[in-house]
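Top line first, the protein sequences correspond to chains A and B. Residue 402 is where the first sequence starts when you use the numbering used here, and the numbers rise one by one after that. Residue 402 is where the second sequence starts when you use the numbering used here, and the numbers rise one by one after that. Where a beta carbon is used, it is the ideal one built from N, C-alpha and C, also for glycine. Keep in mind the model is a prediction, meaning the values are calculated, not measured.
2 protein chains.
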Amino acid sequence: MGTDSLATEQRSLADPEVRYPLWPPLTRGCPRTSSPDVSYPVEVDYDYARVPEDFLRTPAPGGGHSGTGLDRWAPLLPPLAAPGLGEGGTPLVRLADGVYVKDESRNPTWSHKDRLNRCTVSAALGVGAPGVVVASSGNHGASAAAYAARAGLRCVVLGSPTPPPAMRSFLMAYGAEVLPVPTADRWPLTERIAEEFGFHPVSNLTRFHTGHAFGAEGYKTVAYEIVADLGVPGAVFVPTGYGELLFGVWKGFAELRRLGLTRRVPRLFSCEPAAGGPLAAALRDGLHTTAVEVGATDAYGIECPVNSYRGLVAVTRSGGRALLPDDAAMRGAQAELAGQGLWVELSAAAGLAGLRTLPTTETVDGPVVCVATSSGFKDKGTGTGSYAEADPSWAAVRDRLLAAGMEPARR
Amino acid sequence: MGTDSLATEQRSLADPEVRYPLWPPLTRGCPRTSSPDVSYPVEVDYDYARVPEDFLRTPAPGGGHSGTGLDRWAPLLPPLAAPGLGEGGTPLVRLADGVYVKDESRNPTWSHKDRLNRCTVSAALGVGAPGVVVASSGNHGASAAAYAARAGLRCVVLGSPTPPPAMRSFLMAYGAEVLPVPTADRWPLTERIAEEFGFHPVSNLTRFHTGHAFGAEGYKTVAYEIVADLGVPGAVFVPTGYGELLFGVWKGFAELRRLGLTRRVPRLFSCEPAAGGPLAAALRDGLHTTAVEVGATDAYGIECPVNSYRGLVAVTRSGGRALLPDDAAMRGAQAELAGQGLWVELSAAAGLAGLRTLPTTETVDGPVVCVATSSGFKDKGTGTGSYAEADPSWAAVRDRLLAAGMEPARR
Numbered sequence: 402m403g404t405d406s407l408a409t410e411q412r413s414l415a416d417p418e419v420r421y422p423l424w425p426p427l428t429r430g431c432p433r434t435s436s437p438d439v440s441y442p443v444e445v446d447y448d449y450a451r452v453p454e455d456f457l458r459t460p461a462p463g464g465g466h467s468g469t470g471l472d473r474w475a476p477l478l479p480p481l482a483a484p485g486l487g488e489g490g491t492p493l494v495r496l497a498d499g500v501y502v503k504d505e506s507r508n509p510t511w512s513h514k515d516r517l518n519r520c521t522v523s524a525a526l527g528v529g530a531p532g533v534v535v536a537s538s539g540n541h542g543a544s545a546a547a548y549a550a551r552a553g554l555r556c557v558v559l560g561s562p563t564p565p566p567a568m569r570s571f572l573m574a575y576g577a578e579v580l581p582v583p584t585a586d587r588w589p590l591t592e593r594i595a596e597e598f599g600f601h602p603v604s605n606l607t608r609f610h611t612g613h614a615f616g617a618e619g620y621k622t623v624a625y626e627i628v629a630d631l632g633v634p635g636a637v638f639v640p641t642g643y644g645e646l647l648f649g650v651w652k653g654f655a656e657l658r659r660l661g662l663t664r665r666v667p668r669l670f671s672c673e674p675a676a677g678g679p680l681a682a683a684l685r686d687g688l689h690t691t692a693v694e695v696g697a698t699d700a701y702g703i704e705c706p707v708n709s710y711r712g713l714v715a716v717t718r719s720g721g722r723a724l725l726p727d728d729a730a731m732r733g734a735q736a737e738l739a740g741q742g743l744w745v746e747l748s749a750a751a752g753l754a755g756l757r758t759l760p761t762t763e764t765v766d767g768p769v770v771c772v773a774t775s776s777g778f779k780d781k782g783t784g785t786g787s788y789a790e791a792d793p794s795w796a797a798v799r800d801r802l803l804a805a806g807m808e809p810a811r812r
Numbered sequence: 402m403g404t405d406s407l408a409t410e411q412r413s414l415a416d417p418e419v420r421y422p423l424w425p426p427l428t429r430g431c432p433r434t435s436s437p438d439v440s441y442p443v444e445v446d447y448d449y450a451r452v453p454e455d456f457l458r459t460p461a462p463g464g465g466h467s468g469t470g471l472d473r474w475a476p477l478l479p480p481l482a483a484p485g486l487g488e489g490g491t492p493l494v495r496l497a498d499g500v501y502v503k504d505e506s507r508n509p510t511w512s513h514k515d516r517l518n519r520c521t522v523s524a525a526l527g528v529g530a531p532g533v534v535v536a537s538s539g540n541h542g543a544s545a546a547a548y549a550a551r552a553g554l555r556c557v558v559l560g561s562p563t564p565p566p567a568m569r570s571f572l573m574a575y576g577a578e579v580l581p582v583p584t585a586d587r588w589p590l591t592e593r594i595a596e597e598f599g600f601h602p603v604s605n606l607t608r609f610h611t612g613h614a615f616g617a618e619g620y621k622t623v624a625y626e627i628v629a630d631l632g633v634p635g636a637v638f639v640p641t642g643y644g645e646l647l648f649g650v651w652k653g654f655a656e657l658r659r660l661g662l663t664r665r666v667p668r669l670f671s672c673e674p675a676a677g678g679p680l681a682a683a684l685r686d687g688l689h690t691t692a693v694e695v696g697a698t699d700a701y702g703i704e705c706p707v708n709s710y711r712g713l714v715a716v717t718r719s720g721g722r723a724l725l726p727d728d729a730a731m732r733g734a735q736a737e738l739a740g741q742g743l744w745v746e747l748s749a750a751a752g753l754a755g756l757r758t759l760p761t762t763e764t765v766d767g768p769v770v771c772v773a774t775s776s777g778f779k780d781k782g783t784g785t786g787s788y789a790e791a792d793p794s795w796a797a798v799r800d801r802l803l804a805a806g807m808e809p810a811r812r
């Protein structure tokens with residue numbers, strides 16, 4: 402593993418002429434192009450001329466299920482030094498109306514974040530760090546903990562003091578040192594732990610989000626899989642927090658077109674909670690990055706006060722749009738998905754919510770894919786609420802089924 | 402979908418000469434061979450002569466991830482009338498010591514039960530039932546609810562009054578009518594709802610477990626996938642409650658050998674909680690079925706007072722053994738898996754726990770696979786416990802990391 406990456410260097414997303422060697426991976430964005438007013442991420446460049454022609458047709462090692470996961474796409478990923486857990490290879494589930502749902506709850510820690518952390522923990526191994534440090538209130542932290550454990554590295558998670566009940570157990574499960582601290586303390590502590598303990602930081606460290614140079618690369622595999630399974634869709638609707646997933650999905654499609662393996666790139670729709678929406682605000686105001694006040698929302702996985710330039714690139718270069726589904730729309734989409742057998746957390750329903758609230762003036766040419774990022778077990782309300790014992794007498798049970806609209810059989 | 406099944410009829414597991422038409426599927430075992438002292442299940446027979454030679458090499462529709470799931474194996478399954486959710490296709494994750502874990506938490510409702518319910522809900526559609534009814538305290542019920550919702554059928558779950566907190570939310574998620582009733586009331590109510598509302602029963606209705614005729618067939622796909630990915634292993638360790646999974650896995654391997662696609666069948670090890678263990682007791686006492694007192698165990702997914710003849714068939718015909726890991730062994734295996742990045746519920750760790758407690762006199766020739774049935778989100782303790790805010794001062798954080806055995810970097 403990790404031997405056949407075609408990664409060559411890092412480049413600024415603000416200016417492709419600003420280049421850095423591949424190692425060490427930049428964890429604070431692009432220092433040369435960023436300023437106090439805007440933070441620019443870097444991305445990874447590859448030797449595209451050497452990508453095999455059958456890139457999209459190559460099956461996964463071991464017939465598709467060998468547990469090595471992203472290795473199928475190793476040529477266009479950073480070196481995968483960390484062992485895999487069978488991340489990726491998630492199904493496209495077709496809803497009754499023909500919309501496809503890319504069910505990312507089928508990853509090793511049941512969210513899309515595993516694609517990112519396979520890459521970031523590989524980076525930590527690559528630089529010889531004894532551990533990773535991550536500021537996260539949920540999926541990112543647990544996923545980092547799982548991949549660190551698998552790779553034999555330590556992990557510190559700077560988490561939220563008030564995670565949902567099941568999420569708390571999840572964060573603790575993989576042996577990470579979990580420190581619930583106030584939000585304002587998380588980023589300075591990440592810096593300090595990175596500096597004083599030599600731990601590799603796998604979450605953001607800049608004013609506007611830039612994140613880890615290698616992380617978003619892992620999300621490109623979502624696009625590769627969609628094309629391998631379905632061809633190029635007309636549009637992809639992506640739950641959007643800091644836009645790493647959005648950017649990765651866009652870049653994956655853009656690479657396939659560049660390689661001549663496909664002819665076009667789908668329109669990318671960012672789906673942020675209406676209570677916030679820094680990417681929508683940046684696009685509206687003609688800025689690269691901006692900050693907003695975030696109001697009340699239960700979509701805690703994607704409530705962000707600042708955007709990343711990455712998301713702006715994905716939306717503008719694909720001819721997409723920034724959508725702002727509110728909590729009611731997300732709840733509606735969550736219920737719609739549950740009614741089709743898919744239980745997702747509220748943030749994960751933002752993609753379908755965006756589609757369902759799309760103005761009728763928008764046209765999409767081709768199949769539509771909504772990314773559902775994570776399972777309902779991570780939801781805010783999961784593990785709360787009441788559950789009263791039912792009267793087991795037949796009369797009571799019968800009445801309850803009748804009240805639920807069920808009908809006795811005709812005989 | 403559902404057009405290319407080679408299923409022909411149902412047969413008694415007690416006597417293969419006792420046959421029934423394929424429809425309707427039997428939901429109360431084999432009436433002709435069962436008696437008050439022993440309940441015998443039926444299984445499905447197929448026109449094996451017509452199985453395509455490339456059965457194991459045929460990729461899944463749509464390149465492996467199209468969301469149709471078990472359809473890849475449709476010739477050797479009952480007709481799959483119910484739409485899929487991309488069940489199956491789960492990864493084999495290789496642990497540090499070379500043992501493989503078949504991670505069934507990667508299914509649509511994050512347990513192996515989805516393979517069963519694709520088949521049982523297909524049966525419900527096949528008989529024209531308006532809904533399904535299931536007695537279950539967990540994974541089975543939620544999975545049935547998801548597949549029923551996907552198929553447009555109603556679902557009644559007769560559940561436990563005291564499920565783990567996150568499990569309660571899970572059971573409620575798919576719009577099923579969930580009735581928490583005392584254990585003793587569940588089976589009579591299942592019968593009555595089946596009779597008076599015409600709902601198709603997808604859980605057991607006999608004194609000793611027989612279950613649904615089509616259900617265990619779905620589990621054969623675990624064996625097909627293992628062989629497609631790895632070849633025939635030396636042994637498979639299976640968390641065992643009523644033994645449907647155990648039997649299905651054995652039957653899948655046995656079919657491949659019968660078809661000449663493989664040369665042998667691995668040894669099947671049943672892994673029941675030491676607090677119960679009716680299959681181990683039946684084997685010890687030379688009985689086909691028996692009942693035991695079940696003591697205290699947190700492995701609530703597999704604590705069963707009676708066994709099924711199915712499990713006995715799997716263990717004896719494969720030259721396997723009945724193992725009885727206790728809760729401490731299961732906790733040890735659960736911790737070992739978490740340390741490799743896999744968080745499973747306690748019951749799901751029974752397979753690895755069985756392997757780890759195997760007497761050294763047992764030899765296994767070839768790779769070992771442990772089936773991990775379900776995610777840690779379903780565990781009894783998930784969503785409980787405390788989580789105190791940490792002191793965010795650097796001195797306190799530093800002390801905590803040092804206490805956890807982390808070391809400052811040398812500079």
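8 Å Cβ cut-off: residues of chain A touching residue i
| i | result |
| --- | --- |
| R575(B) | Correcting the residue type first, residue 575(B) is Tyr in the shown sequence and not Arg. Those are A739, G740, G742, W744, listed as they occur along chain A. |
Beta-carbon neighbours of residue i, restricted to chain A and to distances below 9 Å
| i | result |
| --- | --- |
| V582(B) | E790, A791, D792, P793, V798 |
Residue i: contacting residues in chain B (beta-carbon distance under 8 Å)
| i | result |
| --- | --- |
| V557(A) | L802, M807 |
| Y548(A) | G742 |
| S776(A) | W511, F778 |
| E578(A) | R801, L802, A805, M807 |
| R507(A) | G487, R507, N508, P509 |
Interface flag, residue i vs chain A, CB-CB below 7 Å
| i | result |
| --- | --- |
| R569(B) | yes |
| L486(B) | yes |
| L517(B) | no |
| V419(B) | no |
| D728(B) | no |
| L680(B) | no |
| D472(B) | no |
Listed by chain order, chain B residues near residue i by CB distance under 7 Å
| i | result |
| --- | --- |
| T783(A) | A567, S570 |
| A675(A) | Simply none; closest approach about 24 Å. |
| L478(A) | Those do not exist, as L478(A) stays about 18 Å from chain B at its closest Cβ, beyond 7 Å. |
| R451(A) | The premise fails here: R451(A) is roughly 24 Å from chain B at the closest Cβ pair, so nothing lies under 7 Å. |
Residue i burial status per 10 Å Cβ neighbour count (16 or more: buried)
| i | result |
| --- | --- |
| L669(B) | buried |
| G806(B) | exposed |
| W424(A) | exposed |
| R665(B) | exposed |
| Y449(A) | exposed |
| A497(A) | exposed |
| P760(A) | exposed |
| E454(B) | exposed |
| V528(A) | exposed |
| L713(B) | buried |
| R711(B) | buried |
| L803(B) | exposed |
Cutoff 7 Å: residue i Cβ touching any chain B Cβ
| i | result |
| --- | --- |
| D416(A) | no |
| G599(A) | yes |
| A810(A) | yes |
| R593(A) | yes |
Under 7 Å from the C-beta of residue i: neighbouring residues of chain A
| i | result |
| --- | --- |
| P562(B) | E790 |
| L455(B) | The residue you asked about is not Leu; residue 455(B) is Asp in the sequence shown. Result: empty, since nearest Cβ-Cβ is about 13 Å, beyond 7 Å. |
In DSSP terms, what residue i is bridged to
| i | result |
| --- | --- |
| Y447(A) | A408(A) |
| E578(B) | V557(B) |
(request) Flag this pair as touching only if the segment 404 to 420 of chain A and the segment 483 to 499 of chain A have three or more C-beta atom pairs under 8 Å; answer yes or no. (result) Counting Cβ pairs under 8 Å, fewer than three are found: no touch.
(message) Check whether the segment 727 to 736 of chain B and the segment 701 to 715 of chain B are in contact - that is, three or more C-beta pairs closer than 8 Å.
(response) no
(message) Closer than 8 Å is the cut-off here; do at least three beta carbon pairs connect the segment 518 to 533 of chain A with the segment 761 to 772 of chain A?
(response) no
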